[in-house]
Amino acid sequence: MSTTATTPAELYVEVQNFYARQVRLQNDGRTEEWAATFTEDGRLKHEPDDAVVHRVGKGTFLGRAELATTMRGLHKKLTDAQIQQRHLYTMLTVEPRDDGTIETSYYSLVFRIKPGQKPAPEVSCPTHDVLVRGKGGNLLVRSRTITHDECA
Amino acid sequence: MSTTATTPAELYVEVQNFYARQVRLQNDGRTEEWAATFTEDGRLKHEPDDAVVHRVGKGTFLGRAELATTMRGLHKKLTDAQIQQRHLYTMLTVEPRDDGTIETSYYSLVFRIKPGQKPAPEVSCPTHDVLVRGKGGNLLVRSRTITHDECA
Amino acid sequence: MSTTATTPAELYVEVQNFYARQVRLQNDGRTEEWAATFTEDGRLKHEPDDAVVHRVGKGTFLGRAELATTMRGLHKKLTDAQIQQRHLYTMLTVEPRDDGTIETSYYSLVFRIKPGQKPAPEVSCPTHDVLVRGKGGNLLVRSRTITHDECA
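Protein chains in written order, with my numbering: chain A, 3 to 154; chain B, 3 to 154; chain C, 3 to 154.
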C-alpha cells in the first residue's frame, strides 16, 4: 500500500457519492435497492465469521437475493427494537486496478440511536470492497469484507 | 436518488471545504461569520420541530440576523457550561440541479466534550441543504433541514 | 480563513488518500512506515503540551527517529492493554500556499475498542498540518499541531 495517491479525483468523488447513497438505503431499510448496489453474485463476508453469527446465523452471504433477505431480517429486528442505525464511513482509500476493478477500504463505525438515549457507538469495522462497473457504467460492489475490531 | 454519481469532483471538493470551514465557525462561536454563510433570507429548520424547542424555544429560524442571534445564545449556553461542541459531517451527497442550486445531504453527528470527560455523542442529525452561489461565486446555504434521529 | 474554496480537486483527493493510508500505518502499529510519512526533520506537537505528558512524557517530538520511537512505545502500551485505536479524520480543509506547502486542518476523533466492549470515544483533537512534497513528489508531513479539546 503506497502513500502516493494516483486516484483520479472524479473516481474518488464518485465512490464517495456511491457510498453516501448506498449507506442511506441500508440505514433506511430500503432492502431491495440496497441489494441492487451489489453485483448479481455479490459477496458480503464478515471476519471473523463468528463476529455476527449471534445476529444473523452466519457470516458470509452470496448474491442479491440472500443479501436482501438478510438485510430485511436485520432491519426488522432493529425496527422492532426502535433502533435507528447510522453507518459512518471515514478514511477512504480508492485504488483503481489494471483489470478495471476498483479496490476501496474505509473505517466503518456504526452508531445506534434508541428512543430517549444519546447516539452510541455499536461496532468498528475496517472494511475492504472490490467495486466493478455495471452495464450502465454505474458502480456495484462485487465483494465486501467487513473486519470486526472486536466482537462487541 | 440515483446511485450513479454525476457530481463534478471540483464541486464536491468545494462543498467539502465549505462545510469544513462553516462548521469551525459554528463550533468556535464565530456567530456573525457563521450566519454570513447563509443567504440573507436563509432558513434553518429542525424536524421534528419540538426536537430543539427545549433548547432554543422553537425549531425554525429565518434570515441571517435571527440565525446569528440564535447561535450566539446557544454558544453562550455551551461556553457557560464549559462544553466544546464538534460537528462531524459524513456520508455527503452533492447533487447539482438544473436551476443552479446544489442539493446536499449528510449525516451530522454532534459530539460534546466536557472538562475531565471523554467526548460523548450528543445527537445524530441527517441533514439536507440547498446551496446557492453568492455574488462572488461563493457557496451559501439557502435552506437547511436538520432531521433528528431521536430527541435525545 | 475564507469560505470560498480554491483547492484543486486532485490535490484534495490526494490529501484524503494520504491521510487514509497514514492513519492505517499508525493504527496498525507500522511504526517505521508511519514515521516515514513525515519529513526527516518532521515535528509533531501537542497543545497544550501537558495534554499528553502523562502518556508519553512530553508533548513535542522532532524527527523521524523520535517519532518512530514514541509511536512504538505508545503502540506497545495499547497492544499490551488489548486496545485497538481508530482515528477518524473529518471536516478536512486543504489550502495550497504560494511557497508550495499545503496547509490542512481536520477534526481528529480517536476511538478505542477494548475486548468485549463497544467502541468508545477517547479524545477529540482539531489538528493542523503543514505538508510538503518529497523527492518523488509524494506528500510528507513537515509539521503537525494536535490541539486537545480537553485533557481527557
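Idealized CB from N, CA, C, for every residue including glycine. Quantities reported herein were computed from a predicted structural model and do not represent experimental measurements.
Could you work out which residues of chain B lie near C:Ala83, taking near to mean beta carbons separated by less than 9 angstroms? Near C:Ala83 there are no residues of chain B at all, since even the closest Cβ is about 16 angstroms away, more than 9 angstroms.
Rounded straight-line distance, which links the Cα of C:Cys127 to that of C:Gly61: Going from the Cα of C:Gly61 to the Cα of C:Cys127 covers about 14 angstroms.
When you compare the CB positions of C:Leu129 and C:Ile148, do they come within less than 8 angstroms of one another, or not? A small fix is needed here, since residue 129 of chain C is Thr in this sequence, not Leu. Contact: yes.
May I ask you to list the residues that DSSP assigns as paired with B:Pro128? B:Pro128 pairs with B:Tyr109.
Taking the straight line between their C-alpha atoms, what separation do you get for A:Val15 and B:Thr8? Approximately 9 angstroms between the Cα atoms of the pair.
Residue closest to C:Arg144, alpha-carbon to alpha-carbon, out of C:Glu12, C:Leu69, C:Glu124 and C:Glu34: Comparing Cα positions, the closest option is C:Leu69.
Below-8 angstroms beta-carbon distance, B:Tyr21 vs any chain A residue: Output row for B:Tyr21: interface = no.
For a test of the three-state rule: what should DSSP assign to A:His150, helix, strand or coil? Note: A:His150 maps to coil in three-state DSSP.
Shortest alpha-carbon distance to C:Met73 belongs to which of C:Asn140, C:Ser110 and C:Leu46? Ranked by Cα distance from C:Met73, the first of C:Asn140, C:Ser110 and C:Leu46 is C:Leu46.
Check the DSSP bridge columns for A:Ile115 and list the partner residues they point to. Per DSSP, A:Gln86.
Cα-Cα separation, C:Tyr108 to C:Tyr91: Whole-angstrom Cα-Cα distance: 6 angstroms.
For a cutoff of 8 angstroms on Cβ pairs, would you count A:Leu1 as touching chain C? What is shown of chain A runs 3 to 154, which leaves residue 1 of chain A out entirely.
CA nearest to the CA of B:Glu152, picked from A:Asn29, A:Ala22, A:Val58 and A:Gln119: Taking B:Glu152 as reference, the option from A:Asn29, A:Ala22, A:Val58 and A:Gln119 with the minimal CA-CA separation is A:Gln119.
Checking 8 angstroms against the spacing of the C-beta atoms, do C:Lys116 and C:Gln84 come in under that value? In contact: C:Lys116 and C:Gln84 (Cβ atoms closer than 8 angstroms).
Name the chain B residues whose beta carbon is nearer than 8 angstroms to that of A:Ile115? What A:Ile115 touches in chain B, judged by beta-carbon distance under 8 angstroms, is Ser126, Asp151, Glu152 and Ala154, going in chain order.
Is B:Ala122 close to chain A, meaning its C-beta is less than 8 angstroms from at least one C-beta of that chain? Yes, because at least one Cβ of chain A sits closer than 8 angstroms to the Cβ of B:Ala122.
For B:Arg155, name the three-state secondary structure that DSSP assigns. Because chain B spans 3 through 154 in this model, residue 155 of chain B falls outside it and cannot be assessed.
Euclidean distance between Cα positions of C:Leu64 and C:Gly44: Looking at the backbone, the Cα of C:Leu64 and that of C:Gly44 are separated by about 6 angstroms.
Jot down the residue ranges of each uninterrupted alpha helix (DSSP H) in the region 5 to 91 of chain A, minimum 4 residues, whole runs only, in chain order. Under the rule that a run must span 4 or more residues, the alpha helix (DSSP H) segments found entirely inside the region 5 to 91 of chain A read 11 to 29, 33 to 37, 55 to 58 and 65 to 82.
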